[in-house]
Amino acid sequence: MTDQLPHMLRADAQDNRDRVMDAAKALFSEHGLAVTMREIARRAGVGPATLYRRFPTKQALVEEAFAQELRSCRDIVDDGAADPDPWLGFCSVIERTVVLNVRNHGFVEAFMSEDREAGGFAVHRATLFRKVAALARRAQAAGGLRRDFVIDDVVLVLVAARGLASLPLDTRPTAARRYAALAIDGFRASTAHGRLPRAPKLGAAVTTGRAKKPS
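Counting in the UniProt record's numbering, the sequence shown runs without a single skipped number right up to 215 at its last residue.
Dropping the structure here:
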């Protein structure tokens with residue numbers, strides 16, 4: 001019995017951790033980052049002390065909860081960059097990223113945040129956007145992507161896609177694919193395109209990982 005006790009304690013601790021992670025992922029996905037640690041503990045069926053023992057800060061819990069989504073984003077961008085046709089690779093990145101993100105309100109909020117507390121997300125975001133920008137330059141050189149495209153346009157598409165989170169959960173993937181198709185059609189090089197208005201400066205903080213200075 002004495003030998004079994006440490007194993008039982010470890011198993012109980014792992015069970016608590018798993019329940020916390022499941023609760024955090026579900027609540028962040030449904031309601032975004034406004035969810036409190038107390039709400040997560042309540043959903044997980046653990047006390048606040050147990051939650052804070054595992055995750056001393058909310059940011060630590062957020063980063064752990066979205067580790068898989070970050071890996072998926074990296075895979076999407078790397079796959080697009082590896083496509084021998086840069087335009088098709090660029091289209092794949094837009095579509096797959098929009099579809100991935102529309103399923104998880106909290107991840108989009110964390111990934112796109114300019115808050116300095118977003119630390120790890122800012123670093124990942126800056127790296128991924130640099131790769132997307134390089135892919136876009138190749139797609140432009142190949143004639144697939146419109147010449148007046150700027151990386152801020154990708155940021156604009158992702159920020160605008162947040163509105164899809166207000167739709168019923170079961171309709172979001174279909175809506176996301178149509179939204180992505182419309183965006184891609186707008187990115188496509190065509191003599192029928194009119195001149196674009198001036199691009200908003202969205203990329204400075206988002207693509208470099210540096211938060212905007214307060215005005």
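Note that the Cβ used here is the ideal one computed from N, Cα and C, for glycine as well.
Asked: Under the three-state DSSP convention, the category Arg188 falls into; Found: strand
Asked: Limits of the alpha helix (DSSP H) - the one that Gly89 falls within; Found: Pro86 to Val102
Asked: From Ala175, Ala189, Thr174 and His105, residue whose alpha carbon lies closest to that of His31; Found: His105
Asked: CA-to-CA distance, Gly45 to Leu182, given in whole angstroms; Found: 43 Å
Asked: Residue burial classification, Asp18 (beta-carbon count within 10 angstroms, cutoff 16); Found: exposed
Asked: Per-residue burial, Ser215 [other beta carbons within 10 Å of its own, 16 or more giving buried]; Found: Its pLDDT being 39, under 50, Ser215 is placed unreliably by the model, and the measurement read from it follows with that caveat. The residue in question, Ser215, is exposed, as its Cβ has fewer than 16 Cβ neighbours within 10 Å.
Asked: CB of Leu145 within 8 Å of CB of Phe111, strictly; Found: no
Asked: Cβ shell of Ala24 (< 7 Å), same chain only, five flanking positions each side left out; Found: Ile40, Leu61 and Ala65
Asked: Span of the alpha helix (DSSP H) around Asp78; Found: Ala67 to Ala82
Asked: Ordered list of alpha helix (DSSP H) runs contained in the UniProt DNA-binding region "H-T-H motif" (36-55), each at least 4 residues; Found: 37-44 and 48-54
Asked: Arg43 and Leu27 closer than 8 Å at C-beta; Found: yes
Asked: Beta-carbon gap between Ile76 and Ile184 smaller than 8 Å; Found: no
Asked: Span of the alpha helix (DSSP H), counted from its first residue to its last, around His105; Found: His105 to Met112
Asked: For Leu196, the three-state DSSP class (helix, strand or coil); Found: coil
Asked: Environment of Val123 [buried if 16+ CB atoms lie within 10 Å]; Found: exposed
Asked: CB-CB length for Ala199 against Val150, believed under 8 Å; Found: 5 Å
Asked: Close-in-space but distant-in-sequence residues of the same chain around Thr127 (CB under 6 Å, 5 per side omitted); Found: none
Asked: Under the three-state DSSP convention, the category Ala118 falls into; Found: Residue confidence is low: Ala118 scores 49 on pLDDT, short of 50, so the model does not pin down where it sits. Its coordinate-derived value is still stated next. Looking at Ala118 - three-state DSSP - the assignment turns out to be helix.
Asked: Spatial distance of Pro197 from Arg103 (CA atoms); Found: 30 Å
Asked: First through last residue of the alpha helix (DSSP H) which encompasses Leu156; Found: Asp152 to Ala160
Asked: Sheet register partners of Leu145 (DSSP bridge); Found: Arg188
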